[in-house]
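These notes are about the structure you will find just below.
Residue numbers (my numbering): 54 to 143.
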């Protein structure tokens with residue numbers, strides 16, 4: 054029941070966001086302007102995960118890198134770390 058309740062709550066959030074976008078753009082249209090409100094381009098949890106990933110990997114040496122370049126740099130750091138452990142152990 055708890056999972057179903059969470060799912061229904063999230064569906065309500067998506068519906069509210071969609072309604073807010075429609076109303077914002079409709080109101081702009083009535084004022085003779087083009088609306089700038091947009092619906093989410095990704096699911097909420099995916100956006101949160103990406104934001105958390107970026108925050109976690111916000112290293113000085115990563116400034117200006119794309120997400121893919123940051124991921125490559127992280128893999129290299131991990132490989133170097135495990136190689137250094139390997140050389141220490143044996």
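All C-beta atoms in this analysis are idealised placements derived from N, C-alpha and C, irrespective of residue type, glycine included. Source: prediction; values computed, not measured.
- For residue 80, the enclosing alpha helix (DSSP H) covers residues 55 to 83.
- Beta-carbon to beta-carbon, residue 88 and residue 77 are separated by about 6 Å, close enough to satisfy the 8 Å threshold.
- The shortest CA-to-CA distance from residue 123 to any of 83, 107, 138 and 133 is the one to 107.
- DSSP places residue 130 in the helix class (H, G or I) of the three-state scheme.
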